[in-house]
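*Asks:* Here you go, one structure.
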Amino acid sequence: RQTLQEAIDAVPPDQYDAILLVYGMCGTATVGLTARHTPLVMPRAHDCITLYLGSHQRYQEEFDANPGTYYYSLDYMERNEPGGNIGLGATNLGIMDEVYADYVEKYGQDNADYLMEVLGEWGKHYNRAVYIDMGHGNGQQYEDLAREQAERRQWLFERRQGDQRLLNMLVQGEWPDDEFLVIPPGHTLITSGDDGLIAAQPPE
Numbered sequence: 013r014q015t016l017q018e019a020i021d022a023v024p025p026d027q028y029d030a031i032l033l034v035y036g037m038c039g040t041a042t043v044g045l046t047a048r049h050t051p052l053v054m055p056r057a058h059d060c061i062t063l064y065l066g067s068h069q070r071y072q073e074e075f076d077a078n079p080g081t082y083y084y085s086l087d088y089m090e091r092n093e094p095g096g097n098i099g100l101g102a103t104n105l106g107i108m109d110e111v112y113a114d115y116v117e118k119y120g121q122d123n124a125d126y127l128m129e130v131l132g133e134w135g136k137h138y139n140r141a142v143y144i145d146m147g148h149g150n151g152q153q154y155e156d157l158a159r160e161q162a163e164r165r166q167w168l169f170e171r172r173q174g175d176q177r178l179l180n181m182l183v184q185g186e187w188p189d190d191e192f193l194v195i196p197p198g199h200t201l202i203t204s205g206d207d208g209l210i211a212a213q214p215p216e
């Protein structure tokens, strides 16, 4: 949040019509951001999965169908170290073998097994992996990596076609209130506690 706020604060006044935040709430990483002299615009989204799927409605449909879903996308996986891969907003699965080997060397196999069991508890909440294909780059390579991870963890694997609709609307200045929040100068981004997810709080 501090890094984002510093970037917002560094924008000179009267230079842009708006600052576009290509983010969701991302936990609460964007909550508390304040517009200074230039409005901020952000999609009404829990996280970037909504941005990849193209709408909050589609995200909700996927969540309702299976809340235990771990998402993968090419750009997240590309940013990881070679041979590893990462899902959206979750722990890196690709380095677990290296971690285990390190634990065995440091603490012995029994202790390593216990530590890996504790570290792996989060994975028990998932039973499906979904690769979101945005239609660019070497998608097949990363889809195959995501499939391998799903097989290793005995999860169902599915592929979904991504949709750049929200991203296109954001950059084209199409900001309907039900899908985007415009934060006026001096206002702060807060959670709304309703279906709108976020709101703009005026200065006190």
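In this note's numbering, the protein residues as written are 13 to 216.
Glycine residues also receive a C-beta, built at the ideal position from the N, C-alpha and C atoms.
At which residues does the alpha helix (DSSP H) containing Y28 begin and terminate?
*Replies:* Along the sequence shown, one-based indexing puts residue 28 at 16. Looking at the DSSP string, Y28 is not in any alpha helix (DSSP H), and its letter there is neither H nor E.
*Asks:* Based on DSSP bridge pairs, tell me the residues matched to D145.
*Replies:* Against the sequence shown, residue 145 aligns to sequence position 133. D145 is bridged to Q173.
*Asks:* Report the residue from Q176, G39, L45 and Y154 whose alpha carbon sits nearest the alpha carbon of P196.
*Replies:* Stepping through the sequence shown from its first residue, residue 196 is reached at position 184. Cα-wise, what sits closest to P196 is L45.
*Asks:* If you run the structure through DSSP and keep just helix, strand and coil, what is R140?
*Replies:* As a position in the sequence shown, residue 140 is number 128, starting the count at 1. Strand, per DSSP.
*Asks:* What number of angstroms, rounded off, separates the C-alpha of I114 from the C-alpha of E129?
*Replies:* Start at 1 with the first residue of the sequence shown, and residue 114 comes out as number 102. Start at 1 with the first residue of the sequence shown, and residue 129 comes out as number 117. Correcting the residue type first, residue 114 is Asp in the shown sequence and not Ile. For D114 and E129, the distance between alpha carbons rounds to 15 Å.
*Asks:* Alpha carbon to alpha carbon, how far is W187 from V23?
*Replies:* Position 175 of the sequence shown, counted from the first residue, corresponds to residue 187. Position 11 of the sequence shown, counted from the first residue, corresponds to residue 23. Answer to the nearest angstrom: the Cα atoms are 21 Å apart.
*Asks:* Which residues in the same chain have their Cβ closer than 8 Å to the Cβ of T203, if we skip the five residues on either side of it in sequence?
*Replies:* Working through the sequence shown from its first residue, we reach residue 203 at position 191. Excluding residues within five positions, the ones whose Cβ falls inside 8 Å are M37, T40, V43, L209, I210 and A211.
*Asks:* If you follow the beta strand (DSSP E) that M54 is in, where does it begin and where does it stop?
*Replies:* As a working mapping, residue 54 is identified with position 42 in the sequence shown. It spans L52 to P55 - the beta strand (DSSP E) in which M54 sits, taken as one unbroken run.
*Asks:* Using 10 angstroms around the beta-carbon of R13, count the other beta-carbons present and answer buried if the total reaches 16, otherwise exposed.
*Replies:* The count along the sequence shown starts at 1 and reaches residue 13 at position 1. So R13 counts as exposed.
*Asks:* If you reduce the DSSP assignment to three classes, tell me which class T81 lands in.
*Replies:* Working through the sequence shown from its first residue, we reach residue 81 at position 69. Looking at T81 - three-state DSSP - the assignment turns out to be strand.
*Asks:* If I follow the unbroken beta strand (DSSP E) through L193, where does it start and stop?
*Replies:* Within the sequence shown, the letter at position 181 stands for residue 193. L193 -> beta strand (DSSP E) spans F192 to I195.
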